[in-house]
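Below: one structure, written as structure tokens.
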Amino acid sequence: MHHPLLHLFFFFFFFFFFILPTTSSPSPELIQACKSSRFPDSCYQRLSSTLPSLPPSPSASTIILSVFNSSLHDIPTAISITHSILANSPTASNLTSAARNCLEVLP
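Read in order, the letters of the sequence shown are residues -24 to -1, 1 to 83 in mature numbering (1 follows the signal peptide of the UniProt record, and there is no 0).
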């Protein structure tokens, strides 16, 4: 059985990679954490820019906890974007269906 929070985590993990650019190099730990992601370059950019308070050599659990906290911070933006999609795409059935599904799992 799939847990809705896990789906939500992955949604935010990949959705918000494209919002914040970064100029700093990711740490080796972040590079390792992103190797298994679908979009490693975006993963590096997102984690480097949103997790600047990580210690110099963060543990895996520290990185995971920071990702969850960062994702939770972005929920209001995701809800706003999803409502905008619903309001502006009434005839796009696949898009509105996806937006409704997102709103079902967002708090």
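Glycine included, each C-beta is placed from N, C-alpha and C at the ideal position.
Every value quoted in this text rests on a predicted model; they were computed, and no experiment measured them.
* Starting from PRO4, follow the alpha helix (DSSP H) in both directions and report where the run begins and ends. => Walking along the sequence shown from the start, residue 4 turns up at place 28. It spans 4 to 10 - the alpha helix (DSSP H) in which PRO4 sits, taken as one unbroken run.
* For PRO32, which of THR67, PRO4, TYR20 has the nearest alpha-carbon? -> The residue labelled residue 32 in the question sits at position 56 within the sequence shown. Taking only the C-alpha atoms, the option nearest PRO32 is PRO4.
* Distance, ALA9 Cα to SER24 Cα -> Counting from 1 along the sequence shown, the entry for residue 24 is found at position 48. Counting from 1 along the sequence shown, the entry for residue 9 is found at position 33. In a straight line, the C-alpha of SER24 is about 12 angstroms away from that of ALA9.
* Straight-line gap, SER73 to ALA36 (C-alpha atoms, nearest Å) -> By one-based count along the sequence shown, residue 73 stands at place 97. By one-based count along the sequence shown, residue 36 stands at place 60. Computed Cα separation, rounded: 35 angstroms.
* Among PRO66, THR58, ALA68, which one has its Cα closest to the Cα of GLU80? -> To locate residue 80, count along the sequence shown from 1; it is residue 104. For GLU80, the nearest C-alpha among the options comes from THR58.
* State the Cα-Cα distance for the pair TYR20 and LEU6, rounded to the nearest angstrom. => As a position in the sequence shown, residue 20 is number 44, starting the count at 1. As a position in the sequence shown, residue 6 is number 30, starting the count at 1. Using only the alpha carbons, I get a separation of about 7 angstroms.
* Asked: Exposed or buried, which one is PRO66 when buried takes at least 16 other CB atoms within 10 Å?
  -> Residue mapping note: residue 66 aligns to position 90 of the sequence shown, counting from 1. By the neighbour-count rule (16 or more Cβ atoms within 10 Å), PRO66 is not buried but exposed.
* To do: List the endpoints of the continuous alpha helix (DSSP H) containing LEU41.
  => The count along the sequence shown starts at 1 and reaches residue 41 at position 65. From DSSP, the alpha helix (DSSP H) with LEU41 extends over 36 to 49.
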